[in-house]
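Residue numbers (our numbering), protein chains in the order written: chain Y, -17 to 106; chain S, 234 to 395. Note that beta-carbon positions come from the ideal geometry of N, C-alpha and C, so glycine has one too. Structure, as structure tokens:
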């Protein structure tokens, strides 16, 4: 019978491989971003902070790229389209026989080949 | 005109006919593949061009869009949304004539061995997803190639007369 509280984690990697030093560049960057996010989030705690301001802050923190704006207009549509966009951008989308994009999980759909839309205007 | 002087003319006519025969074979193949994979598309051969039209939507309850694809081997297919009328917007990846900018032809030109059912149709389906998201958010969420200055169409390919 196994004793309670005596579970052993097998093959635990050495502790030094799991931790980073405080001067690691990724850790410095992470700390900077968290500090920036916390500064922005302080606005949410202001008693006079309205919904629009709070949205802008959370939009920035999560880099939601218009998700909330779309959600306000049509929540169901926004959810469906963002899910499809995620599949496409992850390279795992397929198009079914009706021309609808979904997961390319089986032989029933044509896998969407990678491409770039031409073209985003950087200067005119 | 002697027989010898007519030989170059006969040769060029033979090449022309051979090329048209290859083009015709290609569009018949594309038509059959489209019929098999995307039966919602109505296809028609006009001369050496394949015209495809059909209604498509992004999800079950979404708006229907009537698409049109015009393909003449060995050029890049020309694609439009013909219904409803979509307002021209370069940020939504459209050419000035309303055609859809589906791929960056400067990076990779249209290939003779590419098939419409494996490229253009899935890319139109994607374009519609991103277009509807663009209408909701004002942001194009698809992968885009950056260009500077006027957006130009892919130049027509020179006929392969071998």
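Residues of its chain near residue i, where Cβ-Cβ distance is below 6 Å and the 5 sequence neighbours each way are ignored
i: residue 315 of chain S; result: 299 and 301
i: residue 37 of chain Y; result: 50
i: residue 297 of chain S; result: 288 and 290
Distance between beta carbons of residue j and residue i, contact taken as under 8 Å
i: residue 268 of chain S; j: residue 287 of chain S; result: Wrong, their Cβ atoms sit about 11 Å apart, outside the cutoff.
i: residue 377 of chain S; j: residue 99 of chain Y; result: 5 Å
i: residue 326 of chain S; j: residue 47 of chain Y; result: No, residue 326 of chain S and residue 47 of chain Y are not in contact; Cβ-Cβ is about 17 Å, not under 8 Å.
i: residue 369 of chain S; j: residue 60 of chain Y; result: 6 Å
i: residue 289 of chain S; j: residue 260 of chain S; result: Residue 289 of chain S to residue 260 of chain S, Cβ: 21 Å. No contact.
i: residue 379 of chain S; j: residue 101 of chain Y; result: 6 Å
i: residue 107 of chain Y; j: residue 69 of chain Y; result: Look at the range of chain Y in this structure, -17 to 106, and you will see that residue 107 of chain Y is not part of it.
Whole-angstrom distance between residue j and residue i, CA atom to CA atom
i: residue 350 of chain S; j: residue 387 of chain S; result: 20 Å
i: residue 14 of chain Y; j: residue 40 of chain Y; result: 17 Å
i: residue 25 of chain Y; j: residue 319 of chain S; result: 40 Å
i: residue 384 of chain S; j: residue 330 of chain S; result: 11 Å
i: residue 359 of chain S; j: residue 306 of chain S; result: 23 Å
i: residue 321 of chain S; j: residue 54 of chain Y; result: 25 Å
i: residue 243 of chain S; j: residue 343 of chain S; result: 31 Å
i: residue 308 of chain S; j: residue 281 of chain S; result: 12 Å
i: residue 340 of chain S; j: residue 371 of chain S; result: 26 Å
i: residue 271 of chain S; j: residue 323 of chain S; result: 28 Å
i: residue 347 of chain S; j: residue 390 of chain S; result: 14 Å
i: residue 6 of chain Y; j: residue 12 of chain Y; result: 10 Å
i: residue 85 of chain Y; j: residue 63 of chain Y; result: 13 Å
i: residue 124 of chain Y; j: residue 22 of chain Y; result: The displayed coordinates of chain Y run from -17 to 106. Any statement about residue 124 of chain Y would go beyond what the structure contains.
i: residue 273 of chain S; j: residue 291 of chain S; result: 14 Å
i: residue 94 of chain Y; j: residue 328 of chain S; result: 22 Å
i: residue 266 of chain S; j: residue 248 of chain S; result: 27 Å
i: residue 34 of chain Y; j: residue 364 of chain S; result: 25 Å
i: residue 71 of chain Y; j: residue 240 of chain S; result: 55 Å
Same chain, Cβ closer than 7 Å to residue i, five either side skipped, listed in chain order
i: residue 356 of chain S; result: 335 and 336
i: residue 90 of chain Y; result: 78
i: residue 366 of chain S; result: 374
i: residue 310 of chain S; result: 302, 303, 304, 349 and 353
i: residue 257 of chain S; result: 281
i: residue 92 of chain Y; result: 76 and 77
i: residue 264 of chain S; result: 276, 278 and 283
i: residue 251 of chain S; result: none
Residues of its chain near residue i, where Cβ-Cβ distance is below 8 Å and the 5 sequence neighbours each way are ignored
i: residue 52 of chain Y; result: 59, 60, 63 and 64
Proximal residues, the segment 278 to 309 of chain S versus chain Y, C-beta separation under 9 Å
Residues 287, 288, 289, 290, 291, 292, 293, 294, 295 and 300.
Can you list, in chain order, the stretches of the beta strand (DSSP E) that have 3 or more residues and sit fully within the segment 294 to 342 of chain S?
Contiguous beta strand (DSSP E) elements confined to the segment 294 to 342 of chain S occur at 298 to 304 and 311 to 316, taking only those with 3 or more residues.
If contact means a Cβ-Cβ distance below 8 Å, which residues of the segment 20 to 54 of chain Y contact chain S?
Within the segment 20 to 54 of chain Y, those residues whose Cβ lies closer than 8 Å to any Cβ of chain S are, in chain order, 47, 48, 49, 51 and 52.
Any C-beta of chain Y within less than 9 Å: which residues of the segment 330 to 344 of chain S qualify?
Residues passing the 9 Å Cβ filter: 333, 334, 335, 336, 337, 338, 339, 340 and 341.
Where the segment 67 to 81 of chain Y meets chain S: residues whose CB sits under 8 Å from a CB there:
For the segment 67 to 81 of chain Y, which is checked against every Cβ of chain S, the residues closer than 8 Å are 67, 70, 71, 75, 76, 77, 79, 80 and 81.
Using Cβ-Cβ distances below 7 Å, what residues of the segment 84 to 101 of chain Y are close to chain S?
Those residues of the segment 84 to 101 of chain Y that come within reach of chain S (Cβ to Cβ, closer than 7 Å) are 92, 94, 95, 97, 98, 99, 100 and 101.
Enumerate, from N- to C-terminal direction, the unbroken alpha helix (DSSP H) stretches of 4 or more residues contained entirely within the segment 259 to 285 of chain S.
Complete alpha helix (DSSP H) runs here, min 4: none at all.
Only counting runs of 4 or more residues, tell me where the alpha helix (DSSP H) segments fall wholly within the segment 47 to 75 of chain Y, in order along the chain.
Within the segment 47 to 75 of chain Y, the complete alpha helix (DSSP H) runs of at least 4 residues are 49 to 55 and 57 to 71.
According to a CB-to-CB cut-off of less than 8 Å, which residues of the segment 363 to 378 of chain S neighbour chain Y?
Hits within the stretch, in order: 363, 365, 366, 369, 370, 371, 372, 373, 374, 375, 376, 377 and 378.
At what residue ranges does the segment 7 to 54 of chain Y contain a whole run of the alpha helix (DSSP H), taking only runs of 4 or more?
Unbroken alpha helix (DSSP H) runs of no fewer than 4 residues, entirely contained in the segment 7 to 54 of chain Y, are found at 7 to 23 and 33 to 44, following chain order.
Below 7 Å between beta carbons is the criterion; list the residues of the segment 265 to 278 of chain S that meet it against any residue of chain Y, in chain order.
Within the segment 265 to 278 of chain S, the qualifying residues are 270, 271, 272 and 273.
Using Cβ-Cβ distances below 9 Å, what residues of the segment 350 to 361 of chain S are close to chain Y?
Those residues of the segment 350 to 361 of chain S that come within reach of chain Y (Cβ to Cβ, closer than 9 Å) are 350, 351, 352, 354, 355, 356, 357, 358, 359, 360 and 361.
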